[in-house]
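Residue numbering for the sequence shown follows the working numbering, starting at 146 and increasing by one per position. Here is the structure we will look at, set down as C-alpha coordinates.
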Amino acid sequence: MKRKIKTMGTVLVSTAIMASMLAACGSDNNNNSNKSSNASANPGTEASSNTGTDAKTPDTSKKVQLTWYLLGDPAPDQEKVVAEWNKMLEKDLNTTVKLNFTTWTDWQTKYNLLLASGEKVDMIFASSWADFYKFANQGAFMPLNDLLPTYAPTTWSSVSEQDWKEATVNDKIYAVPATYPEYTPDGLVYRDDWRQELGLPEIKDVDSIEAYLEGVKKAKGITPINGKAYNEVFTMFKAFEGYQQIGGDSGVIVAKSYDTPRDIVAYPFTPEFEEWVKKMKTWSEKGFWKSDTLSDQKEAGDAIKTGQGAVYWRNAPGAGGFITGMEKSNPDIKLGYFPFSRFHNLTVPTLSVNNAMAIPKSAPNAERSLMVLDKLRSDPKYYDLMSYGLEGTDYSMDADGKHIVTPPAGVDAKDFKGYGIASWGYRVESMERVKQAGGWEGFDALLEEFKSQSKPNIFAQVIMDYAPVKSQQAAVNSVIQQYGMPLMMGLVPDVDKALATYRKQLEAAGVNDVLKYVQEQANKSFDAQGIK
(Lines of atoms letter the chains of each structure in order from A; the text may use other names.)
(Lines give C-alpha, C1' and ligand atoms only; values in the text may rest on other atoms or scores of the structure.)
Protein backbone atom coordinates (compact mmCIF):
# COMPACT_ATOMS: atom_id res chain seq x y z
CA MET A 146 0.00 0.00 0.00
CA LYS A 147 1.21 3.38 -0.77
CA ARG A 148 1.15 6.03 1.83
CA LYS A 149 -0.40 9.44 1.12
CA ILE A 150 1.42 10.00 -2.12
CA LYS A 151 -1.39 10.57 -4.58
CA THR A 152 -5.04 11.41 -4.85
CA MET A 153 -7.38 10.41 -7.64
CA GLY A 154 -8.70 13.94 -7.99
CA THR A 155 -5.39 15.26 -9.19
CA VAL A 156 -4.75 12.64 -11.82
CA LEU A 157 -5.95 14.93 -14.59
CA VAL A 158 -4.40 18.18 -13.52
CA SER A 159 -0.97 17.22 -12.32
CA THR A 160 1.98 15.18 -13.34
CA ALA A 161 2.35 14.03 -9.76
CA ILE A 162 2.54 10.35 -8.96
CA MET A 163 -0.82 8.62 -9.01
CA ALA A 164 -3.53 7.40 -5.16
CA SER A 165 -4.76 4.63 -3.28
CA MET A 166 -3.73 3.61 -0.98
CA LEU A 167 -3.99 0.51 -1.42
CA ALA A 168 -0.93 -2.93 -4.47
CA ALA A 169 0.12 -6.21 -6.13
CA CYS A 170 -1.66 -7.75 -9.12
CA GLY A 171 -4.39 -10.24 -8.44
CA SER A 172 -3.05 -13.00 -10.64
CA ASP A 173 -3.10 -16.67 -9.80
CA ASN A 174 0.00 -17.16 -7.71
CA ASN A 175 -0.09 -20.92 -8.26
CA ASN A 176 0.46 -20.67 -11.98
CA ASN A 177 3.94 -22.13 -12.20
CA SER A 178 3.74 -23.87 -15.55
CA ASN A 179 5.81 -21.28 -17.36
CA LYS A 180 8.77 -20.94 -15.04
CA SER A 181 11.22 -23.14 -16.91
CA SER A 182 10.08 -21.81 -20.26
CA ASN A 183 10.37 -18.26 -18.98
CA ALA A 184 13.93 -18.89 -17.91
CA SER A 185 14.93 -20.48 -21.20
CA ALA A 186 13.07 -17.93 -23.27
CA ASN A 187 15.80 -15.39 -22.56
CA PRO A 188 19.05 -17.34 -22.87
CA GLY A 189 20.97 -14.21 -23.71
CA THR A 190 20.05 -12.49 -20.47
CA GLU A 191 23.19 -11.93 -18.45
CA ALA A 192 23.57 -11.99 -14.73
CA SER A 193 25.33 -9.18 -12.97
CA SER A 194 28.95 -8.76 -13.94
CA ASN A 195 29.86 -8.38 -10.26
CA THR A 196 28.17 -11.52 -8.98
CA GLY A 197 31.36 -13.59 -9.13
CA THR A 198 29.43 -16.83 -9.76
CA ASP A 199 27.66 -18.70 -12.51
CA ALA A 200 24.51 -18.79 -10.39
CA LYS A 201 24.58 -22.56 -9.87
CA THR A 202 25.02 -23.28 -6.16
CA PRO A 203 24.29 -20.72 -3.42
CA ASP A 204 27.41 -20.01 -1.42
CA THR A 205 27.04 -18.44 2.02
CA SER A 206 30.54 -19.19 3.32
CA LYS A 207 31.44 -15.51 3.25
CA LYS A 208 29.59 -13.30 5.70
CA VAL A 209 28.14 -10.19 4.08
CA GLN A 210 26.21 -7.15 5.19
CA LEU A 211 23.53 -6.03 2.76
CA THR A 212 22.27 -2.51 2.29
CA TRP A 213 18.54 -2.27 1.63
CA TYR A 214 16.27 0.75 1.19
CA LEU A 215 12.56 1.06 1.84
CA LEU A 216 10.38 4.12 1.43
CA GLY A 217 9.04 6.19 4.28
CA ASP A 218 10.05 6.25 7.92
CA PRO A 219 11.14 3.53 10.35
CA ALA A 220 8.74 2.32 13.03
CA PRO A 221 9.38 3.38 16.65
CA ASP A 222 10.96 0.03 17.54
CA GLN A 223 12.55 -0.57 14.14
CA GLU A 224 16.05 -1.05 15.55
CA LYS A 225 14.86 -3.85 17.83
CA VAL A 226 13.00 -5.54 14.98
CA VAL A 227 15.99 -5.36 12.64
CA ALA A 228 18.32 -6.61 15.38
CA GLU A 229 16.14 -9.69 15.82
CA TRP A 230 15.93 -10.13 12.05
CA ASN A 231 19.72 -9.99 11.75
CA LYS A 232 20.14 -12.67 14.42
CA MET A 233 17.98 -14.97 12.33
CA LEU A 234 19.71 -14.02 9.07
CA GLU A 235 23.18 -14.50 10.50
CA LYS A 236 22.28 -17.98 11.67
CA ASP A 237 20.48 -19.07 8.49
CA LEU A 238 22.28 -17.21 5.69
CA ASN A 239 25.48 -15.81 7.26
CA THR A 240 24.13 -12.37 6.43
CA THR A 241 23.00 -9.15 8.07
CA VAL A 242 21.04 -6.27 6.58
CA LYS A 243 21.42 -2.56 7.17
CA LEU A 244 17.87 -1.39 6.57
CA ASN A 245 17.58 2.24 5.47
CA PHE A 246 14.56 4.46 4.88
CA THR A 247 14.11 7.41 2.55
CA THR A 248 11.70 9.17 4.96
CA TRP A 249 8.62 10.82 3.47
CA THR A 250 10.28 14.22 3.20
CA ASP A 251 11.16 14.73 -0.46
CA TRP A 252 11.36 10.96 -0.81
CA GLN A 253 11.28 10.98 -4.62
CA THR A 254 14.39 13.14 -4.95
CA LYS A 255 16.26 10.90 -2.51
CA TYR A 256 15.08 7.78 -4.30
CA ASN A 257 16.19 9.07 -7.70
CA LEU A 258 19.60 10.05 -6.31
CA LEU A 259 20.14 6.58 -4.85
CA LEU A 260 19.73 5.06 -8.30
CA ALA A 261 21.59 7.76 -10.20
CA SER A 262 24.59 8.07 -7.87
CA GLY A 263 25.81 4.48 -8.12
CA GLU A 264 25.70 4.10 -4.33
CA LYS A 265 26.25 0.48 -3.31
CA VAL A 266 22.70 -0.63 -2.62
CA ASP A 267 21.87 -4.34 -2.63
CA MET A 268 18.08 -4.08 -2.80
CA ILE A 269 15.53 -1.27 -3.02
CA PHE A 270 11.78 -0.88 -3.11
CA ALA A 271 10.54 -0.39 -6.67
CA SER A 272 7.19 0.59 -8.10
CA SER A 273 5.42 1.65 -11.25
CA TRP A 274 4.45 4.83 -9.37
CA ALA A 275 8.13 5.39 -8.52
CA ASP A 276 9.13 5.19 -12.22
CA PHE A 277 10.09 1.51 -12.22
CA TYR A 278 9.65 1.16 -15.97
CA LYS A 279 11.63 4.29 -16.71
CA PHE A 280 14.52 3.27 -14.47
CA ALA A 281 14.50 -0.29 -15.80
CA ASN A 282 14.54 1.00 -19.36
CA GLN A 283 17.51 3.21 -18.48
CA GLY A 284 19.46 0.29 -17.00
CA ALA A 285 19.27 1.35 -13.35
CA PHE A 286 18.35 -2.15 -12.19
CA MET A 287 20.06 -5.52 -12.56
CA PRO A 288 18.41 -8.20 -14.75
CA LEU A 289 17.36 -11.16 -12.63
CA ASN A 290 16.41 -13.90 -15.11
CA ASP A 291 19.54 -16.00 -14.52
CA LEU A 292 19.66 -15.40 -10.76
CA LEU A 293 16.10 -16.07 -9.64
CA PRO A 294 15.90 -19.86 -10.19
CA THR A 295 19.00 -20.47 -8.07
CA TYR A 296 18.90 -17.77 -5.40
CA ALA A 297 15.14 -17.33 -4.98
CA PRO A 298 13.70 -20.70 -6.04
CA THR A 299 10.54 -20.49 -3.92
CA THR A 300 9.77 -17.05 -5.26
CA TRP A 301 10.62 -18.10 -8.81
CA SER A 302 8.18 -21.01 -8.70
CA SER A 303 5.34 -19.23 -6.91
CA VAL A 304 5.07 -15.90 -8.74
CA SER A 305 2.68 -16.11 -11.67
CA GLU A 306 3.58 -15.76 -15.33
CA GLN A 307 1.55 -12.56 -15.59
CA ASP A 308 3.35 -10.98 -12.63
CA TRP A 309 6.78 -11.83 -14.05
CA LYS A 310 5.64 -10.41 -17.36
CA GLU A 311 4.73 -7.13 -15.70
CA ALA A 312 8.20 -6.99 -14.11
CA THR A 313 9.86 -7.49 -17.50
CA VAL A 314 11.32 -4.77 -19.73
CA ASN A 315 12.98 -5.66 -23.03
CA ASP A 316 12.82 -9.39 -22.20
CA LYS A 317 14.58 -8.97 -18.86
CA ILE A 318 13.06 -9.29 -15.39
CA TYR A 319 14.10 -6.30 -13.30
CA ALA A 320 12.12 -6.76 -10.07
CA VAL A 321 10.49 -9.29 -7.80
CA PRO A 322 6.85 -8.23 -7.59
CA ALA A 323 4.78 -8.47 -4.45
CA THR A 324 2.25 -11.26 -4.82
CA TYR A 325 -0.58 -9.60 -2.99
CA PRO A 326 -3.71 -8.96 -5.05
CA GLU A 327 -4.87 -5.38 -4.86
CA TYR A 328 -7.99 -4.16 -6.54
CA THR A 329 -8.70 -0.48 -6.17
CA PRO A 330 -11.74 0.34 -8.34
CA ASP A 331 -13.38 3.63 -7.55
CA GLY A 332 -16.84 3.72 -6.09
CA LEU A 333 -19.29 5.40 -3.73
CA VAL A 334 -19.80 4.93 -0.01
CA TYR A 335 -23.37 5.92 0.82
CA ARG A 336 -25.82 5.92 3.70
CA ASP A 337 -27.68 2.69 3.14
CA ASP A 338 -29.84 3.19 6.23
CA TRP A 339 -31.33 6.28 4.56
CA ARG A 340 -31.82 4.38 1.31
CA GLN A 341 -33.81 1.70 3.08
CA GLU A 342 -35.70 4.17 5.27
CA LEU A 343 -36.80 6.20 2.23
CA GLY A 344 -37.58 3.20 0.07
CA LEU A 345 -35.05 4.22 -2.58
CA PRO A 346 -33.89 1.72 -5.20
CA GLU A 347 -30.79 -0.39 -4.70
CA ILE A 348 -27.79 1.34 -6.23
CA LYS A 349 -26.75 -0.53 -9.36
CA ASP A 350 -26.29 2.07 -12.13
CA VAL A 351 -26.16 5.81 -12.81
CA ASP A 352 -29.94 6.16 -12.83
CA SER A 353 -30.29 4.59 -9.38
CA ILE A 354 -27.43 6.79 -8.11
CA GLU A 355 -29.34 9.83 -9.35
CA ALA A 356 -32.54 8.59 -7.71
CA TYR A 357 -30.70 8.10 -4.43
CA LEU A 358 -29.11 11.55 -4.50
CA GLU A 359 -32.43 13.16 -5.33
CA GLY A 360 -34.27 11.19 -2.65
CA VAL A 361 -31.97 12.08 0.23
CA LYS A 362 -31.74 15.69 -0.97
CA LYS A 363 -35.53 16.12 -0.75
CA ALA A 364 -36.20 14.02 2.33
CA LYS A 365 -33.24 14.98 4.50
CA GLY A 366 -32.64 18.55 3.30
CA ILE A 367 -28.89 18.04 3.02
CA THR A 368 -26.33 18.30 0.23
CA PRO A 369 -25.73 14.65 -0.74
CA ILE A 370 -22.07 15.10 -1.74
CA ASN A 371 -21.20 17.75 0.82
CA GLY A 372 -17.61 18.85 0.25
CA LYS A 373 -15.17 18.08 -2.53
CA ALA A 374 -17.21 16.25 -5.17
CA TYR A 375 -14.94 16.13 -8.23
CA ASN A 376 -13.60 12.64 -7.46
CA GLU A 377 -17.12 11.27 -7.25
CA VAL A 378 -18.16 12.73 -10.60
CA PHE A 379 -15.00 12.27 -12.67
CA THR A 380 -14.26 8.68 -11.63
CA MET A 381 -17.90 7.76 -12.17
CA PHE A 382 -17.80 9.22 -15.68
CA LYS A 383 -14.63 7.40 -16.63
CA ALA A 384 -15.86 4.07 -15.25
CA PHE A 385 -19.35 4.43 -16.73
CA GLU A 386 -17.92 4.96 -20.20
CA GLY A 387 -15.37 2.17 -19.74
CA TYR A 388 -12.46 4.52 -20.42
CA GLN A 389 -9.00 3.30 -19.43
CA GLN A 390 -6.24 5.63 -18.26
CA ILE A 391 -2.93 5.06 -20.03
CA GLY A 392 0.54 5.13 -18.52
CA GLY A 393 -0.35 7.15 -15.46
CA ASP A 394 -1.04 10.84 -15.95
CA SER A 395 -2.10 11.28 -19.54
CA GLY A 396 -4.62 14.00 -18.82
CA VAL A 397 -7.67 13.73 -21.05
CA ILE A 398 -6.18 10.94 -23.17
CA VAL A 399 -7.79 7.52 -22.67
CA ALA A 400 -8.37 4.22 -24.39
CA LYS A 401 -12.06 4.01 -25.20
CA SER A 402 -12.35 0.53 -23.73
CA TYR A 403 -10.34 -2.38 -22.38
CA ASP A 404 -11.22 -4.47 -25.41
CA THR A 405 -10.02 -1.84 -27.91
CA PRO A 406 -6.80 -0.63 -26.26
CA ARG A 407 -5.43 1.03 -29.40
CA ASP A 408 -8.56 3.14 -29.86
CA ILE A 409 -7.16 6.14 -28.02
CA VAL A 410 -8.97 9.48 -27.85
CA ALA A 411 -9.11 12.81 -26.09
CA TYR A 412 -12.42 12.25 -24.34
CA PRO A 413 -13.63 15.91 -24.24
CA PHE A 414 -14.14 15.59 -28.00
CA THR A 415 -16.43 12.57 -27.72
CA PRO A 416 -20.25 12.61 -27.83
CA GLU A 417 -20.20 10.62 -24.58
CA PHE A 418 -18.53 13.50 -22.77
CA GLU A 419 -21.01 15.98 -24.20
CA GLU A 420 -23.92 13.87 -22.98
CA TRP A 421 -22.32 13.43 -19.56
CA VAL A 422 -21.64 17.10 -18.85
CA LYS A 423 -25.22 17.97 -19.79
CA LYS A 424 -26.41 15.41 -17.24
CA MET A 425 -24.03 16.84 -14.64
CA LYS A 426 -25.50 20.28 -15.27
CA THR A 427 -28.89 18.93 -14.16
CA TRP A 428 -27.32 17.25 -11.14
CA SER A 429 -25.67 20.51 -10.16
CA GLU A 430 -28.96 22.37 -10.52
CA LYS A 431 -30.65 19.78 -8.29
CA GLY A 432 -28.15 20.62 -5.57
CA PHE A 433 -26.33 17.30 -5.39
CA TRP A 434 -23.19 19.31 -4.52
CA LYS A 435 -22.48 22.92 -3.65
CA SER A 436 -21.50 25.61 -6.12
CA ASP A 437 -18.13 26.07 -4.39
CA THR A 438 -17.28 22.35 -4.47
CA LEU A 439 -14.12 22.86 -6.54
CA SER A 440 -12.63 25.18 -3.93
CA ASP A 441 -14.06 23.35 -0.92
CA GLN A 442 -11.33 21.61 1.06
CA LYS A 443 -13.67 19.50 3.19
CA GLU A 444 -13.91 15.77 2.58
CA ALA A 445 -17.44 14.63 1.79
CA GLY A 446 -16.95 11.80 4.27
CA ASP A 447 -16.75 14.27 7.15
CA ALA A 448 -20.28 15.45 6.35
CA ILE A 449 -21.55 11.87 6.54
CA LYS A 450 -20.24 11.66 10.10
CA THR A 451 -22.28 14.69 11.15
CA GLY A 452 -25.46 13.72 9.29
CA GLN A 453 -24.97 16.49 6.70
CA GLY A 454 -23.95 14.30 3.77
CA ALA A 455 -24.80 10.97 2.19
CA VAL A 456 -22.15 10.05 -0.41
CA TYR A 457 -18.35 9.85 -0.47
CA TRP A 458 -15.91 8.70 -3.16
CA ARG A 459 -13.55 5.92 -2.07
CA ASN A 460 -11.66 3.16 -3.80
CA ALA A 461 -12.48 -0.29 -2.42
CA PRO A 462 -9.77 -0.55 0.29
CA GLY A 463 -10.41 3.07 1.25
CA ALA A 464 -14.10 2.30 1.56
CA GLY A 465 -13.28 -0.56 3.91
CA GLY A 466 -11.24 1.70 6.14
CA PHE A 467 -13.92 4.40 6.17
CA ILE A 468 -16.74 1.95 6.88
CA THR A 469 -14.94 0.20 9.75
CA GLY A 470 -13.99 3.57 11.21
CA MET A 471 -17.62 4.66 11.09
CA GLU A 472 -18.73 1.41 12.74
CA LYS A 473 -16.64 2.44 15.73
CA SER A 474 -17.30 6.20 15.81
CA ASN A 475 -20.89 6.29 14.49
CA PRO A 476 -22.40 2.82 15.01
CA ASP A 477 -25.94 4.07 14.33
CA ILE A 478 -25.03 4.96 10.73
CA LYS A 479 -25.21 2.05 8.29
CA LEU A 480 -23.19 2.38 5.10
CA GLY A 481 -23.17 0.65 1.76
CA TYR A 482 -20.65 0.60 -1.08
CA PHE A 483 -21.08 0.56 -4.85
CA PRO A 484 -17.89 -0.10 -6.84
CA PHE A 485 -17.92 1.41 -10.32
CA SER A 486 -16.43 -1.84 -11.66
CA ARG A 487 -20.02 -3.10 -11.78
CA PHE A 488 -20.80 -0.80 -14.69
CA HIS A 489 -18.94 -3.21 -17.01
CA ASN A 490 -18.23 -6.16 -14.70
CA LEU A 491 -14.54 -5.49 -15.18
CA THR A 492 -11.80 -4.94 -12.63
CA VAL A 493 -8.27 -4.12 -13.69
CA PRO A 494 -5.89 -4.76 -10.78
CA THR A 495 -2.97 -2.59 -9.96
CA LEU A 496 0.22 -3.86 -11.55
CA SER A 497 2.18 -6.45 -9.64
CA VAL A 498 5.10 -4.01 -9.81
CA ASN A 499 3.01 -1.37 -8.14
CA ASN A 500 4.95 -2.79 -5.21
CA ALA A 501 8.15 -4.75 -5.76
CA MET A 502 11.78 -5.18 -4.77
CA ALA A 503 14.60 -4.56 -7.26
CA ILE A 504 18.38 -4.80 -7.24
CA PRO A 505 20.28 -1.71 -8.43
CA LYS A 506 22.96 -2.36 -11.03
CA SER A 507 25.61 -1.24 -8.49
CA ALA A 508 24.66 -3.95 -5.97
CA PRO A 509 27.71 -5.90 -4.74
CA ASN A 510 25.67 -8.80 -3.28
CA ALA A 511 22.77 -9.50 -5.60
CA GLU A 512 22.69 -13.24 -4.93
CA ARG A 513 22.55 -12.92 -1.15
CA SER A 514 19.86 -10.26 -1.39
CA LEU A 515 17.69 -12.60 -3.40
CA MET A 516 18.26 -15.35 -0.85
CA VAL A 517 17.17 -13.05 1.97
CA LEU A 518 14.13 -11.91 0.00
CA ASP A 519 13.19 -15.51 -0.75
CA LYS A 520 13.42 -16.33 2.94
CA LEU A 521 11.41 -13.25 3.87
CA ARG A 522 8.64 -14.14 1.43
CA SER A 523 8.37 -17.82 2.42
CA ASP A 524 9.24 -18.25 6.12
CA PRO A 525 6.42 -17.17 8.50
CA LYS A 526 8.88 -16.26 11.27
CA TYR A 527 10.66 -13.82 8.97
CA TYR A 528 7.49 -12.50 7.38
CA ASP A 529 5.66 -11.88 10.65
CA LEU A 530 8.64 -10.12 12.20
CA MET A 531 9.31 -7.74 9.33
CA SER A 532 5.66 -7.14 8.51
CA TYR A 533 4.12 -6.82 11.97
CA GLY A 534 7.00 -6.27 14.40
CA LEU A 535 7.65 -7.97 17.72
CA GLU A 536 5.00 -10.29 19.09
CA GLY A 537 3.88 -9.11 22.51
CA THR A 538 5.12 -5.59 21.84
CA ASP A 539 3.57 -4.73 18.48
CA TYR A 540 0.89 -7.39 18.17
CA SER A 541 -0.48 -10.62 19.59
CA MET A 542 -2.23 -13.50 17.87
CA ASP A 543 -5.99 -13.89 18.10
CA ALA A 544 -7.71 -17.09 19.23
CA ASP A 545 -7.65 -18.71 15.80
CA GLY A 546 -3.88 -18.28 15.55
CA LYS A 547 -4.24 -16.83 12.07
CA HIS A 548 -4.75 -13.11 12.56
CA ILE A 549 -2.86 -10.49 14.50
CA VAL A 550 -4.41 -8.29 17.16
CA THR A 551 -3.32 -4.71 17.84
CA PRO A 552 -2.68 -3.41 20.36
CA PRO A 553 -1.39 -6.69 21.76
CA ALA A 554 -3.01 -8.27 24.78
CA GLY A 555 -2.13 -6.42 27.95
CA VAL A 556 -1.04 -3.20 26.23
CA ASP A 557 -3.09 -0.06 26.82
CA ALA A 558 -4.32 1.45 23.56
CA LYS A 559 -3.35 4.93 24.80
CA ASP A 560 0.30 3.91 25.07
CA PHE A 561 0.39 1.84 21.90
CA LYS A 562 2.44 3.32 19.05
CA GLY A 563 2.08 0.49 16.57
CA TYR A 564 4.45 -0.92 13.99
CA GLY A 565 4.24 -0.03 10.34
CA ILE A 566 6.81 0.24 7.56
CA ALA A 567 6.65 0.19 3.78
CA SER A 568 6.67 -3.60 3.64
CA TRP A 569 4.52 -3.58 0.50
CA GLY A 570 7.39 -4.64 -1.77
CA TYR A 571 7.56 -8.16 -0.35
CA ARG A 572 3.92 -8.83 0.55
CA VAL A 573 2.60 -12.33 -0.16
CA GLU A 574 -1.12 -13.03 0.06
CA SER A 575 -0.79 -16.49 1.59
CA MET A 576 1.48 -15.12 4.35
CA GLU A 577 -0.77 -12.26 5.42
CA ARG A 578 -2.29 -12.29 8.90
CA VAL A 579 -4.18 -8.99 8.72
CA LYS A 580 -7.84 -8.98 7.78
CA GLN A 581 -8.52 -7.22 4.49
CA ALA A 582 -9.49 -3.56 4.41
CA GLY A 583 -9.17 -2.96 8.12
CA GLY A 584 -11.50 -5.82 9.05
CA TRP A 585 -14.48 -4.74 6.94
CA GLU A 586 -16.63 -7.86 6.80
CA GLY A 587 -17.97 -7.08 3.34
CA PHE A 588 -14.55 -6.81 1.73
CA ASP A 589 -13.82 -10.52 1.37
CA ALA A 590 -16.92 -11.03 -0.78
CA LEU A 591 -16.08 -7.91 -2.75
CA LEU A 592 -12.54 -9.18 -3.33
CA GLU A 593 -13.89 -12.43 -4.74
CA GLU A 594 -16.14 -10.40 -7.04
CA PHE A 595 -13.14 -8.40 -8.28
CA LYS A 596 -11.09 -11.54 -8.85
CA SER A 597 -13.87 -13.17 -10.86
CA GLN A 598 -13.97 -10.27 -13.33
CA SER A 599 -10.29 -9.39 -13.33
CA LYS A 600 -8.24 -8.75 -16.46
CA PRO A 601 -4.50 -7.88 -16.53
CA ASN A 602 -3.49 -4.25 -16.39
CA ILE A 603 -2.16 -3.70 -19.91
CA PHE A 604 -2.30 0.09 -19.77
CA ALA A 605 -0.06 1.05 -16.84
CA GLN A 606 2.90 -0.63 -18.54
CA VAL A 607 2.99 2.04 -21.23
CA ILE A 608 6.21 3.97 -20.57
CA MET A 609 5.85 7.71 -20.98
CA ASP A 610 8.02 10.53 -19.72
CA TYR A 611 6.24 13.18 -21.83
CA ALA A 612 9.54 14.94 -22.54
CA PRO A 613 8.71 15.47 -26.25
CA VAL A 614 5.40 17.12 -25.33
CA LYS A 615 6.23 18.51 -21.90
CA SER A 616 5.07 22.06 -22.63
CA GLN A 617 1.90 20.90 -24.37
CA GLN A 618 1.03 18.57 -21.50
CA ALA A 619 1.47 21.36 -18.95
CA ALA A 620 -0.73 23.64 -21.02
CA VAL A 621 -3.39 20.95 -21.40
CA ASN A 622 -3.44 20.32 -17.65
CA SER A 623 -3.91 24.02 -17.08
CA VAL A 624 -6.86 24.06 -19.47
CA ILE A 625 -8.41 21.05 -17.72
CA GLN A 626 -8.23 22.89 -14.43
CA GLN A 627 -9.58 26.19 -15.75
CA TYR A 628 -12.26 24.99 -18.15
CA GLY A 629 -12.73 21.23 -17.83
CA MET A 630 -13.37 20.85 -14.14
CA PRO A 631 -16.13 23.49 -13.90
CA LEU A 632 -17.73 21.91 -16.98
CA MET A 633 -17.54 18.42 -15.47
CA MET A 634 -19.26 19.68 -12.33
CA GLY A 635 -22.04 21.53 -14.17
CA LEU A 636 -20.82 24.87 -12.84
CA VAL A 637 -21.19 26.75 -16.13
CA PRO A 638 -24.17 28.85 -17.29
CA ASP A 639 -24.28 27.38 -20.82
CA VAL A 640 -22.97 23.86 -21.36
CA ASP A 641 -22.78 24.05 -25.16
CA LYS A 642 -20.77 27.27 -25.13
CA ALA A 643 -18.53 26.05 -22.31
CA LEU A 644 -17.88 22.78 -24.13
CA ALA A 645 -16.98 24.59 -27.36
CA THR A 646 -14.59 26.84 -25.44
CA TYR A 647 -13.03 23.90 -23.63
CA ARG A 648 -12.36 22.04 -26.85
CA LYS A 649 -10.93 25.14 -28.52
CA GLN A 650 -8.61 25.81 -25.59
CA LEU A 651 -7.43 22.19 -25.52
CA GLU A 652 -6.54 22.32 -29.20
CA ALA A 653 -4.69 25.60 -28.71
CA ALA A 654 -2.79 24.06 -25.79
CA GLY A 655 -1.56 21.21 -27.99
CA VAL A 656 -3.82 18.32 -27.00
CA ASN A 657 -3.40 16.72 -30.43
CA ASP A 658 0.37 16.59 -29.93
CA VAL A 659 -0.12 14.87 -26.58
CA LEU A 660 -2.63 12.47 -28.15
CA LYS A 661 -0.19 11.56 -30.92
CA TYR A 662 2.62 10.96 -28.42
CA VAL A 663 0.48 8.77 -26.17
CA GLN A 664 -0.77 6.80 -29.17
CA GLU A 665 2.78 6.14 -30.35
CA GLN A 666 3.99 5.04 -26.92
CA ALA A 667 0.94 2.88 -26.37
CA ASN A 668 1.39 1.16 -29.72
CA LYS A 669 5.01 0.36 -28.85
CA SER A 670 3.96 -1.13 -25.53
CA PHE A 671 1.08 -3.12 -27.01
CA ASP A 672 3.38 -4.41 -29.75
CA ALA A 673 5.83 -5.62 -27.09
CA GLN A 674 3.00 -7.21 -25.09
CA GLY A 675 1.57 -8.90 -28.17
CA ILE A 676 -1.70 -7.02 -27.85
CA LYS A 677 -3.62 -6.23 -31.03
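Ideal Cβ placement from N, Cα and C applies to all residues, glycine included.
Straight-line measurement puts the Cα of D218 at about 33 Å from the Cα of F379. With respect to A297, M516 sits close: the two C-beta atoms are nearer than 9 Å.
For D331, the pairing in a beta bridge is given by DSSP as N460.
In the DSSP assignment, Y571 falls outside any alpha helix (DSSP H), carrying neither H nor E. With 16 or more other Cβ atoms from the protein chains shown falling within 10 Å of its own Cβ, S273 counts as buried. In this structure the stretch 572-581 lies against the stretch 519-535, because at least three pairs of beta carbons, one per stretch, are closer than 8 Å.
Around the beta carbon of R513, 16 or more other beta carbons lie within 10 angstroms, which makes this residue buried.
Contact annotation, D308 with S497: C-beta distance approximately 4 Å; criterion of less than 8 Å satisfied. Buried is the label assigned to L211, since at least 16 other Cβ atoms lie within 10 Å of its Cβ. Here the alpha carbons of D519 and T299 stand approximately 6 Å from one another. Taking a C-beta distance under 9 Å as the contact criterion, Q626 and A654 do not qualify as a contact pair. Taking a cut-off of 8 Å on C-beta distances, the stretch 567-574 touches the stretch 485-504, as three or more cross pairs fall below it. Around the beta carbon of K547, fewer than 16 other beta carbons sit within 10 angstroms, so the residue counts as exposed. Relative to A384, the option among S436, K426, T329 and W428 whose CA is nearest is T329. Under the 10 Å beta carbon count, K423 is surrounded by fewer than 16 other beta carbons and is classified as exposed. Listed as beta-bridge partners of E536 by DSSP are Y540.
Taken atom to atom, the span from the alpha-carbon of N475 to that of H489 is near 33 Å.
Comparing alpha carbon positions, the residue from Q674, K669, N657 and P509 closest to A411 is N657.
Of the candidates Y457, V304, N231 and A400, Y457 places its Cα closest to the Cα of G332. Distance from the CA atom of V242 to the CA atom of I354, rounded to whole angstroms, is 52 Å. According to the DSSP assignment, T299 belongs to the alpha helix (DSSP H) that extends over P298 to S303.
Secondary-structure assignment with DSSP links K243 through a beta bridge to T212. When DSSP states are grouped into helix, strand and coil, P406 belongs to the coil group.
Per DSSP, I354 is one residue of the alpha helix (DSSP H) stretching across V351 to K365. Inclusion of A400 and A667 in the CB contact set at 9 Å is warranted, their separation being smaller than that value.
Under the three-state reduction of DSSP, F382 is assigned to helix. Collapsing the DSSP output to three states places I549 in a strand. Under the three-state reduction of DSSP, K424 is assigned to helix. Bridge pairing for G481: Y335 [DSSP]. Annotation for A620: the continuous alpha helix (DSSP H) segment containing it runs K615 to V624. Along the stretch 212-236, the alpha helix (DSSP H) does not occur as any fully enclosed run of 4 or more residues. DSSP places K431 in the coil class of the three-state scheme, outside both helix and strand.
Looking from the CA of V321, the closest CA among W339, L289 and D337 belongs to L289.
Take the alpha-carbon of P413 and the one of G366: they are about 34 Å apart. M634 is positioned such that its CB atom lies closer than 9 Å to that of M425.
Taken through DSSP and simplified to helix, strand or coil, V397 comes out as coil.
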